[in-house]
Structures are given as structure tokens and as C-alpha cells.
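**Q**
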Amino acid sequence: MVHPLKEEELKEHVTISYKPQAKYSYTAGQALSTFLRGLREGKILGRKCPRCGRVYVPPRMYCEDCFYPTSQWVEVKDEGVVMTAVASFISWTRDRLEEPEIVGTIRLFPSSPRDYVYPGLFHRICCSYEDVKSMTIMGKTVRARWRPAEKRTGSIDDIECFEVV
Amino acid sequence: MKTNLKFRRVAAIGAGMTPFRRRMLETPQEMAWEASRRALDEAGLELRDIDCVVIGSAPDAFDGVHMKGEYLAHGAGGVMRPSSRVYVGGATGVMTAIAGWYHVASGMCKKVLAVAEEKMSTGRPHPQAVFRYIWDPITEKPLNPNLIWIFAMEMHRYMFVNKVSKEEIALVSVKNKRNAASNPYAQLGGEITVDDVLRSEVLVWPVQLLDVSPVSDGAAAMVFVDGDIARRYTDTPIWVEGVGWTLDNTSWPNRELAYPRYLENAARMAYRMAGIERPQKEIDVVEPYDPFDYKELHHLEGLMLAKRGEAPLLLKEGFFDKDGDIPSSPSGGLLGVGNPIAAAGLMKVISIYWQLKGTAGKMQVKRPVHTGVAQAWGDLMQASTVMVMRN
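Chains B and G, in that order, are what the protein sequence lines are.
If you're matching positions, the first sequence starts at 1 in full-length UniProt numbering and goes up one per residue.
If you're matching positions, the second sequence starts at 1 in full-length UniProt numbering and goes up one per residue.
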């Protein structure tokens, strides 16, 4: 049921290949710039809506529900609960990986299990494939493993991964 | 949510599709033409009768051609008439039908041709790589994500919260591929077992190869007309009774993934229009969007055809089988028929249309059906579109 293309099959057709010259320098924006600077200092910063009290991590300059400007910077903990975790055996180009990459989402504290929306991050999780497969990692409390301060660049990569406390 | 319910009645009177296959020899425009021609033939119309054209296609990057709406226009009959393109990721297919509906419902056009096309197999070495640009460039892309990650995350969360096993989820793949065996358009119909699914290649645990729909090319088209003139062309028009669509935010790491609230919202909008109060009692057949097997269960819950976490149990009892209480994906769905994204969504609407018309051939469900629902979903677990039809 799988039909991978072999090199020689590609040659049987006229294949037009080129490298797109499109390059982007994305704008981080007002909220995310401060967020990234916070990461460099080992802090996870969020924005709070004055109307509904919701805390946005990653931060946003406006509340999507109230449609009001968020007014206040708050620091949340670099600790939270693993909501979901997966183990990827394929790269983003669908090449096979020998060692799985483990990623997931983390609900950061302060928040409660009853929240439908919460401050949270998508990141790597340092655990074994077995922990993912048996679901033992789900619901566990994890904490950010920060890169050494001198190696931080103000990027989401300043956190190496989240590991079980 | 408030919607004005004063609109003109709209009927579907024709539909057409190309077979769904990987690496079709036709160009996207040729496929769009083939589906459109078949839809016009079934409706008994010529292109000169058509007032407006709606084109649906997912990211341009798949076909490797920029501005797909304009590119497909002549194949879709859109030249020299009001033509527009809709795009809401995977939810595009049903959105194409919904846009066809609102062109007529508003009174602007009497006869609309809605066309959806996708040619996914063009990308080299794998269309997967094209998805890199849907992630947030600052907070997500540095982690080198691939598309299956998000669905695997949602699937694992769904399994964890509702205590669902891989075996229970694999039953969807088994059912849909079996249903697809009687669909002449299908790419991957056949008999497989739960064991086959569990033994297939692990892509991103818990997603394995047979949990996913295939890469496909294909096109689908439908004709929607004003209710006043529908009976001039057919004795069996199928009425569009309700439509609904919603977007959630893109910050999926910040919300509960076990339940699709955006779908519930879209479904409530469509049901309210159609006057449906008890979906599980009033709906006879359903085509939920199933690019992944767990997604069908997730969507059946979002459509309120099963309580939260109960869809796997009902599936196991045969409730959603072809001869069950509410047959789900009798066409074979995306898992069986194939997944040319936008075309696959419109295929869901066409499949309900044929079921209600009674012309689904070997796909026809046994029990008499009067109310059907088609649904699609897309982007970063975010967009949902729903259409309710009656005969």
C-alpha cells in the first residue's frame, strides 16, 4: 500500500527542480519580542487581560475574546503539566529517524485542570519512547531545562526541553 | 452566535467526481473540468446556465502553482462570470459547498457551480515538507515540526482523557477501508484488520501508517440552485437545510485538545438552521472528516452524535456501521477513498447527496435516509465546516 518514489523512478519523468529564493525575516512583534527577551533571562512571560483575567502564554497584545488590549506583564512558572506527548520517527521532510523526537504541549502553572484555555507551550519533552507509549508521561509535572545563560539567544530554543521534576 | 435565518432555499441537483488516485496523469485544470462536466451532466445543465462559480483548494503549495483559484478558473467554468475561491485548510471542501449555498441563498445567483480540486502528489520528495509554513514562525517552527505531530498530539490527548485504546481507534480504519471497497472512486478500499493497523509503520506515535489517509489527487464538483427553479431540472432535489462554520484560534498549545469545541459551535449553527434538536435521533447518515482514524470519533463527538468519549464504544457496537443506526462514512471516507484535501471535503458532501438521492449504488445504506450531515475540518485543529441536507 506504500509507493515510495525511488531515485530511478524520479529520473523517468521530467522533474523541474529549483530552490526557491524566497527568504523571510519574520517580525516577532511587540508581545513576542519581550517574551523572547524573557527567555534569555530564564523567565516565561505572559500578558494578562484586564477584563477577563486570562493570561496569554505565549503572550498577545490583545485578548481574543474581549477584544481589548492586554495590560500587564506577568511571569508564569517554568513548571507545568504534560497535556500530551508524542514520539516522532519521521523528520519534517518525512525521512526516517533512528531515534524518536519527543514533543508535546505543557500547561504552565498557575492554571487549573478545569481550564479549557490556559497558558501553555509546545516544546520538546525529555523522556523515553516507553514513557510516551505507556502514557506515563501524560499528566506528569515537568520543569524547563534551560540552556546555560551564556548560550541563550532569545529564542524558544533557549529551553532545551521540559523534564520530569 | 446570532445568524439571520431569512434566506432563499437552496437545492443540490448535480454532482461529479474524478477517481481519487496518487499521481494522476491529468493536470489540476483537467481534473477540475472532468468533475465539473460530470456535475453539469447530472444536473442537466450547460455551462452557459451557470451564474457564479466557487472554487475551493487547499494551500497553493501542494499543486506547486500559485493562486489556485485563478489557475483553475477555466477548468472550473469560472471564466467571465463571478468566480471566487475559498480556503480554510482541510475544511475547504465543505466550505466550497457552503459558499455555493450562500451565493444562492443571498439571492445573488440562481445557479452555482462549486468545484474543489487538489493534486497533492506533485511535491518532491514528499508533500509533507510543504506543511512547514503553517506553523508559527517564532514559537513553533524552530522545533522543526512536521504536520503529523499536531494530529498525533491531539490523538494522544483524546486517548488519554477518554481512556481509548489504539485497537478501538483502528476499527475506524478497518470500517472505512471496507466501506470504500464498494466505492468506484476509491483509492484504498479493501479488507484490513486491526492487527494490520497496529503492525504498520510507526510515523509519530501514536499515529501509524494505516491510521492516516493516503496522499491523493482528485477533483469534485456540485451544482446548487435556487429552490424555486430546482424542480424544473429534477424530481429529486436535495435540500441544503443548514450550514455552519467556525474558526478557533491558532494557539492550540493553549487549549484542551480532547474535544473539538469549534466543531460543536459549527454544528450547533447548522442544526439550528435545520431545526435539529436531537442530532442522534434526527440524523440518518453522516460523513465526518477522517484524515486520521481517531478524527472520525473526535468529530462524531463534536457533531453531538455521541457523548464525549463514547464514540469508540458506539463504534464497537456497530452503531456507525453501514447497516447500523447512523452509518458513518459509508463512502469509505478519506481513509478509504483518498485525501485530495479540498476535493475530499466536497466528496463528503457529494456522498451525502447521493445517499439522500438514493443513487449511491453499492455504497447506498440499507435503511431509508432523509437527513444527512457532511463535515470537514482543517488547519491547526482550528477550522470546522458542517452542512445538513434533506431529501
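All C-beta atoms, glycine included, are put in the ideal place defined by N, C-alpha and C.
Since this is a predicted model, take the numbers as computed values, not measurements.
State yes or no: is the beta carbon of residue 144 of chain G nearer than 8 angstroms to at least one beta carbon in chain B?
**A** As a working mapping, residue 144 of chain G is identified with position 144 in the second sequence. Chain B, which has a Cβ nearer than 8 angstroms to the Cβ of residue 144 of chain G, makes this yes.
**Q** Along chain G, in chain order, which residues have C-beta atoms closer than 9 angstroms to that of residue 89 of chain B?
**A** Along the first sequence, one-based indexing puts residue 89 of chain B at 89. What residue 89 of chain B touches in chain G: 201, 202, 203, 204 and 205.
**Q** Could you check what DSSP says for residue 48 of chain G in three-state terms: helix, strand or coil?
**A** Locating residue 48 of chain G in the second sequence gives position 48, counting from the first residue. Three-state result, residue 48 of chain G: helix.
**Q** Between residue 222 of chain G and residue 349 of chain G, how many whole angstroms is the CB-CB distance? I'm expecting something under 8 angstroms.
**A** Residue numbering aside, residue 222 of chain G sits at position 222 when the second sequence is read from its first letter. Residue numbering aside, residue 349 of chain G sits at position 349 when the second sequence is read from its first letter. Indeed they touch by this definition, with Cβ atoms about 7 angstroms apart.
**Q** How about residue 132 of chain G: is its C-beta nearer than 8 angstroms to some C-beta of chain B?
**A** Taking the first residue of the second sequence as position 1, residue 132 of chain G is located at position 132. Interface residue, yes.
**Q** Could you tell me whether any Cβ in chain B is nearer than 8 angstroms to the Cβ of residue 256 of chain G?
**A** Counted from its first residue, the second sequence places residue 256 of chain G at position 256. By this cut-off, residue 256 of chain G is an interface position.
**Q** Measure from the alpha carbon of residue 25 of chain G to the alpha carbon of each residue in G:201, G:312, G:274 and G:120, then state which is nearest.
**A** Taking the second sequence and counting its residues from 1, the one referred to as residue 25 of chain G is at position 25. Minimum Cα distance to residue 25 of chain G is reached at G:120.
**Q** For residue 118 of chain B, go through chain G and note every residue whose CB falls closer than 8 angstroms to its CB, in chain order.
**A** Along the first sequence, one-based indexing puts residue 118 of chain B at 118. Correct list: 254 and 255.
**Q** Go through its chain and collect everything with a Cβ distance to residue 327 of chain G's Cβ below 6 angstroms, but skip five positions before and after it.
**A** Here residue 327 of chain G refers to the residue found at position 327 of the second sequence. Only 285 and 365 meet the Cβ criterion.
**Q** I want to verify the contact list: residues of chain C whose CB lies under 7 angstroms from the CB of residue 73 of chain B, in sequence order.
**A** The structure shown contains no chain C; its protein chains are B and G.
**Q** Looking at chain G, is there any beta carbon in it that lies within less than 8 angstroms of the beta carbon of residue 162 of chain B?
**A** In the first sequence, the residue the question calls residue 162 of chain B occupies position 162. So, not an interface residue.
**Q** Take residue 126 of chain B and list the residues in its own chain whose beta-carbon comes closer than 6 angstroms to its own, dropping the five residues that flank it on each side.
**A** Locating residue 126 of chain B in the first sequence gives position 126, where the first residue counts as 1. Closer than 6 angstroms at Cβ, skipping near neighbours: 161 and 163.
**Q** Can you say whether residue 4 of chain G is buried or exposed, counting buried as having 16 or more other CB atoms within 10 angstroms of its CB?
**A** Here residue 4 of chain G refers to the residue found at position 4 of the second sequence. Exposed is the call here.
**Q** Give me the DSSP bridge partner(s) of residue 211 of chain B.
**A** In this structure chain B extends from 1 to 165, so residue 211 of chain B is not present and cannot be described.
**Q** By the 9 angstroms beta-carbon criterion, what residues does the stretch 129 to 158 of chain B contribute toward chain G?
**A** Of all residues in the stretch 129 to 158 of chain B, 129, 132, 133, 135, 138, 139, 155, 156 and 157 have a Cβ within less than 9 angstroms of some Cβ in chain G.
**Q** Mind checking which residues open and close the beta strand (DSSP E) that includes residue 383 of chain G?
**A** Working through the second sequence from its first residue, we reach residue 383 of chain G at position 383. Residue 383 of chain G -> beta strand (DSSP E) spans 383 to 390.
**Q** For residue 237 of chain G and residue 52 of chain G, what's the separation of their Cα atoms in angstroms?
**A** To locate residue 237 of chain G, count along the second sequence from 1; it is residue 237. To locate residue 52 of chain G, count along the second sequence from 1; it is residue 52. In a straight line, the C-alpha of residue 237 of chain G is about 19 angstroms away from that of residue 52 of chain G.
**Q** What's the gap between the Cα of residue 94 of chain B and the Cα of residue 86 of chain B?
**A** Stepping through the first sequence from its first residue, residue 94 of chain B is reached at position 94. Stepping through the first sequence from its first residue, residue 86 of chain B is reached at position 86. So the alpha carbons of these two residues sit roughly 16 angstroms apart.
**Q** By Cβ distance below 6 angstroms, which residues in the same chain neighbour residue 68 of chain B in space, the five residues on each side in sequence not counted?
**A** Counted from its first residue, the first sequence places residue 68 of chain B at position 68. Correct list, in chain order: 51.
**Q** Just to confirm before moving on: does the CB-CB distance between residue 446 of chain G and residue 271 of chain G stay below 8 angstroms?
**A** Residue 446 of chain G is absent from the model: chain G starts at 1 and stops at 391.
**Q** Identify each residue in the stretch 329 to 350 of chain G for which the Cβ-Cβ distance to at least one residue of chain B is less than 8 angstroms, and report them in chain order.
**A** Going along the stretch 329 to 350 of chain G in chain order, one finds no residue with a Cβ nearer than 8 angstroms to chain B.
**Q** Are the C-beta atoms of residue 153 of chain G and some chain B residue less than 8 angstroms apart?
**A** As a working note, residue 153 of chain G is residue 153 in the second sequence. Yes - at least one Cβ of chain B is within 8 angstroms of the one on residue 153 of chain G.
**Q** Going by CA-CA distance only, name the one from G:97, G:310 and G:336 that's closest to residue 189 of chain G.
**A** To locate residue 189 of chain G, count along the second sequence from 1; it is residue 189. Among G:97, G:310 and G:336, the Cα nearest to that of residue 189 of chain G belongs to G:336.
**Q** Since residue 129 of chain G meets chain B, which of its residues come closer than 8 angstroms, beta carbon to beta carbon?
**A** For the purposes of this step, residue 129 of chain G is identified with residue 129 of the second sequence, where counting begins at 1. Correct list: 92, 93 and 94.
**Q** At least one CB of chain G closer than 8 angstroms to the CB of residue 31 of chain B: is that the case?
**A** Residue 31 of chain B sits at position 31 when you count from the first residue of the first sequence. No, no contact with chain G.
**Q** May I have the straight-line CA-CA distance separating residue 118 of chain G from residue 14 of chain B, to the nearest angstrom?
**A** As a working note, residue 118 of chain G is residue 118 in the second sequence. As a working note, residue 14 of chain B is residue 14 in the first sequence. Taking the straight line joining both Cα atoms gives about 21 angstroms.
**Q** Identify which residue in G:65, G:15 and G:90 has its Cα closest to the Cα of residue 291 of chain G.
**A** Translated into positions along the second sequence, residue 291 of chain G becomes position 291. Nearest C-alpha to residue 291 of chain G: G:90.
**Q** Inspect the beta-carbon positions of residue 195 of chain G and residue 23 of chain G and report whether they are closer than 8 angstroms.
**A** Here residue 195 of chain G refers to the residue found at position 195 when the second sequence is read from its first residue. Here residue 23 of chain G refers to the residue found at position 23 when the second sequence is read from its first residue. No, the Cβ-Cβ distance between residue 195 of chain G and residue 23 of chain G is not below 8 angstroms.
**Q** Taking only the alpha-carbon atoms, compute the straight-line gap between residue 192 of chain G and residue 205 of chain G and give it to the nearest angstrom.
**A** Here residue 192 of chain G refers to the residue found at position 192 of the second sequence. Here residue 205 of chain G refers to the residue found at position 205 of the second sequence. Those two C-alpha atoms are separated by around 20 angstroms.
**Q** Mind pulling the beta strand (DSSP E) runs of 3 or more residues that sit fully within the stretch 39 to 102 of chain G?
**A** Complete beta strand (DSSP E) runs here, min 3: 52 to 56 and 83 to 86.
**Q** Could you list which residues in chain G have their beta carbon closer than 9 angstroms to that of residue 64 of chain B, in chain order?
**A** Within the first sequence, numbered from 1, the residue matching residue 64 of chain B stands at position 64. Per Cβ cutoff of 9 angstroms: 249 and 251.
**Q** DSSP three-state label for residue 134 of chain B, please.
**A** Taking the first residue of the first sequence as position 1, residue 134 of chain B is located at position 134. Residue 134 of chain B falls in the coil class under three-state DSSP.
**Q** So which residues on chain G does residue 124 of chain B lean against when the C-beta distance must stay under 7 angstroms?
**A** Against the first sequence, residue 124 of chain B aligns to sequence position 124. What residue 124 of chain B touches in chain G: 143.
**Q** Specify whether the stretch 37 to 51 of chain B and the stretch 147 to 159 of chain B touch according to this definition: at least 3 beta carbon pairs, one from each stretch, less than 8 angstroms apart.
**A** Yes: the two stretches touch, three or more of their Cβ pairs being nearer than 8 angstroms.
**Q** Taking its Cβ as the centre, do 16 or more other Cβ atoms sit within 10 Å of residue 49 of chain B, making it buried, or is it exposed?
**A** Residue numbering aside, residue 49 of chain B sits at position 49 when the first sequence is read from its first letter. Buried is the call here.
**Q** Identify the residues that DSSP records as bridge partners of residue 371 of chain G: which are they?
**A** Along the second sequence, read from residue 1 onward, the residue named residue 371 of chain G stands at position 371. Per DSSP, G:390.
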